[in-house]
Amino acid sequence: MAATKTLDDLFLDTLKDIYFAEKQILKALPKMARAANSEEGKAGFLQHRDETQGQIERLEQVFELLGKAARGKTCEAIQGIIAEGEEIIEEFKESAALDAGLISSAQAVEHYEIARYGTLIEWAKQLGLKDAVPLLEANLAEEKATDEKLTQLAKASANAKGKSKTS
């Protein structure tokens, strides 16, 4: 008979999931920066790459607090979201709508991360992992700020430029 799983197990499993996701995002962001038409988009993706590195480091600290090796677990959800972004790059390269599509893909990533971090924070509180909470909250705050920056970039230029026939 299988051992009964606990919230501790679920926390660790989800931590591995977001760790894997952040590592995949770290690889995807330079590709998105290279693909972006606008300088603001390129700079934004590269800035988020730097933030993502910091988020990975904070996650490694959480693993350390748990006395566990920092190891990811394949996250099919993030792989699917990243694959959709790559599809947009391929299908909309040379298009004025490319940046709007890249922003849309990036926001799908951000919303996934926001959901994961929000859940991990609540579980960490429930499990008494008080030292993990501020690390996870810092990641969540950065993800929310990035989502807001993406919204502003979309509203300010990418969506309007995407309506035109040429880039």
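This note's numbering puts the sequence shown at residues 370 to 536. Quick reminder that beta carbons are idealized off the backbone N, C-alpha and C, glycines included.
- A distance below 9 Å separates the beta carbons of Asp-516 and Gln-476.
- Where Arg-485 is concerned, the enclosing alpha helix (DSSP H) starts and stops at 467-495.
- Distances from the CA of Ala-507 to each of Arg-440, Gly-487, Lys-411, Gly-449 were compared; the closest alpha carbon is that of Gly-487.
- Distance check between Glu-456 and each of Ala-465, Gly-470, Ile-447, Glu-445 places Gly-470 closest, using alpha-carbon atoms only.
- The stretch 375-440 is shown to contain whole alpha helix (DSSP H) runs of 4 or more residues at 376-404, 408-435, in chain order.
- Rounded to whole angstroms, the Cβ separation of Ala-501 and Leu-434 is 5 Å, and the two are in contact under 8 Å.
- Put simply, the stretch 404-412 does not touch the stretch 376-396. Fewer than three CB pairs are less than 8 Å apart.
- Residue state for Glu-463 is assigned as coil, using DSSP reduced to three classes.
- Collapsing the DSSP output to three states places Leu-509 in a helix.
- If you ignore the 5 residues before and after Ala-446, its C-beta comes within less than 7 Å of the C-beta of Tyr-481, all in its own chain and listed in chain order.
- In the structure shown, the three-state DSSP call for Leu-498 is coil.
- Within a 10 Å sphere around the beta-carbon of Arg-485 sit 16 or more other beta-carbons, which makes this residue buried.
- A buried status is given to Thr-421, since no fewer than 16 other beta-carbon atoms sit within 10 Å of its beta-carbon.
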